[in-house]
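Numbering (my numbering), first residue to last: 110 to 372.
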């Protein structure tokens, strides 16, 4: 079951995520976030696009265990709606998300977003294959092509890491939306893992992501350019900032994660 099929499932009785969307011992974080975001989006006013999400991965979301999403409206202002979402399994919170949805305002200030880095085009790069038992299970649905920095456990001490990311296989003909962007951004492994010379687990603890509204036009099946920058790593915690652009160099999202490295 691909990402888009999962996004169409009704959630009244909970959603059970198949093991093919696993990441270590839990559900792929980008999918977990997308499921909670979908519930928030359904409750927020349609005319208010999402501006930012703050996500905490409280506990591993387990595959094949029903996930129920609870949504609380914290405040409805004249232009901004603040909502809180909780993903629940076995009566416990596994993922927590606070979302800010805001209508456009008149303003005298307009500053263009950061430009995309100059890298080889997606057509000139080689995708990392899905290797059962080697690469995470969810990478059967998402592919990455490195153009900067090292792969996990390669002993590559570079602060920047990234490349092209896209959904594998057939995708619906639709514009990319924020749920898909959550999966595309989180597909990449924690950048500090490239510093290691041997395999070790790593996971996201907290994640904030901001969306450039209105979103630049792009088909969900296109390749997107990702670049992460390590800002600090110490005591087993890494702080990583990242951006995602369209193939034409238009900024889509700004991301920041606190990651835990278990080496």
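Glycine included, C-beta positions come from ideal geometry on N, C-alpha and C.
Since we're looking at a predicted model, the values are computed, not measured.
Cα-Cα separation between residue 188 and residue 262, rounded to whole angstroms: Residue 188 sits at position 79 when you count from the first residue of the chain shown. Residue 262 sits at position 153 when you count from the first residue of the chain shown. Approximately 46 Å between the Cα atoms of the pair.
Any C-beta of chain D under 8 Å from that of residue 173: Looking for chain D here will not work: only one protein chain is present.
Residue 395 and residue 279: beta carbons closer than 8 Å? The chain is shown from 110 up to 372; residue 395 falls before or after that span and cannot be answered.
Limits of the unbroken alpha helix (DSSP H) element including residue 113: For the purposes of this step, residue 113 is taken as residue 4 along the chain shown, with counting starting at 1. 112-116 is the extent of the alpha helix (DSSP H) around residue 113.
Short check: CB of residue 214 to CB of residue 320, under 8 Å? As a first step, residue 214 must be located in the chain shown, where it is residue number 105. As a first step, residue 320 must be located in the chain shown, where it is residue number 211. It is not a contact, given that the beta carbons lie outside the stated cut-off.
With DSSP run on the structure shown, which of helix, strand or coil describes residue 367? For the purposes of this step, residue 367 is identified with residue 258 of the chain shown, where counting begins at 1. Three-state result, residue 367: strand.
Give me the Cβ distance between residue 201 and residue 168, rounded to the nearest whole Å; I'm assuming they're in contact under 8 Å. The residue labelled residue 201 in the question sits at position 92 within the chain shown. The residue labelled residue 168 in the question sits at position 59 within the chain shown. Sure, about 7 Å apart at Cβ, within 8 Å.
Residue 154, buried or exposed, once every other Cβ within 10 Å from all chains shown has been counted against 16: Within the chain shown, residue 154 is the residue found at index 45, counting from 1. By the neighbour-count rule (16 or more Cβ atoms within 10 Å), residue 154 is not buried but exposed.
7 Å Cβ shell around residue 110 - same chain, five flanking residues per side excluded: Indexing the chain shown from 1 puts residue 110 at position 1. Correct list, in chain order: 127.
Over the uninterrupted alpha helix (DSSP H) stretch that includes residue 145, give me the two end residues. In the chain shown, counting from the first residue as 1, residue 145 sits at position 36. Here the alpha helix (DSSP H) through residue 145 covers 138-152.
Whole-Å CB distance - residue 256 paired with residue 271, under 8 Å assumed: Position 147 of the chain shown, counted from the first residue, corresponds to residue 256. Position 162 of the chain shown, counted from the first residue, corresponds to residue 271. Sure, about 7 Å apart at Cβ, within 8 Å.
Buried/exposed call for residue 247, threshold 16 Cβ in 10 Å: As a working note, residue 247 is residue 138 in the chain shown. Classification of residue 247: buried, given that the 10 Å Cβ count is 16 or more.
Alpha carbon to alpha carbon, what distance is there between residue 179 and residue 197? Reading the chain shown from its first residue, position 88 is the one you call residue 197. Reading the chain shown from its first residue, position 70 is the one you call residue 179. Those two C-alpha atoms are separated by around 8 Å.
Please classify residue 201: does DSSP put it in a helix, a strand, or coil? Taking the chain shown and counting its residues from 1, one reaches residue 201 at position 92. Of the three classes helix, strand and coil, the one that applies to residue 201 here is strand, per DSSP.
Could you give the first and the last residue of the continuous alpha helix (DSSP H) run that contains residue 324? Looking up residue 324 in the chain shown gives position 215. Where residue 324 is concerned, there is no enclosing alpha helix (DSSP H), given that its DSSP letter is neither H nor E.
Within this structure, are the beta carbons of residue 342 and residue 301 separated by less than 8 Å? Residue 342 sits at position 233 when you count from the first residue of the chain shown. Residue 301 sits at position 192 when you count from the first residue of the chain shown. Result yes, Cβ atoms of residue 342 and residue 301 sit closer than 8 Å.
If you draw a straight line from the C-alpha of residue 182 to the C-alpha of residue 149, how long is it? In the chain shown, the residue the question calls residue 182 occupies position 73. In the chain shown, the residue the question calls residue 149 occupies position 40. The straight-line gap from Cα to Cα measures roughly 9 Å.
On the three-pair Cβ rule with 8 Å, is the region 236-245 touching the region 218-225? no
Please say whether residue 299 and residue 370 have beta carbons closer to each other than 8 Å? Taking the chain shown and counting its residues from 1, the one referred to as residue 370 is at position 261. Taking the chain shown and counting its residues from 1, the one referred to as residue 299 is at position 190. A contact, by the Cβ cut-off of 8 Å.
In whole angstroms, give me the CA-to-CA distance for residue 144 and residue 252. Working through the chain shown from its first residue, we reach residue 144 at position 35. Working through the chain shown from its first residue, we reach residue 252 at position 143. Answer to the nearest angstrom: the Cα atoms are 20 Å apart.
Give me whichever residues DSSP pairs with residue 247 in a beta bridge. If you number the chain shown from 1, residue 247 lands on position 138. BP columns for residue 247 are empty, so no partner.
Please report the Cβ distance between residue 177 and residue 123, rounded to the nearest whole angstrom; I am assuming they are in contact, meaning their Cβ atoms lie under 8 Å. As a position in the chain shown, residue 177 is number 68, starting the count at 1. As a position in the chain shown, residue 123 is number 14, starting the count at 1. Indeed, because the Cβ distance is near 5 Å, the residues count as touching under 8 Å.
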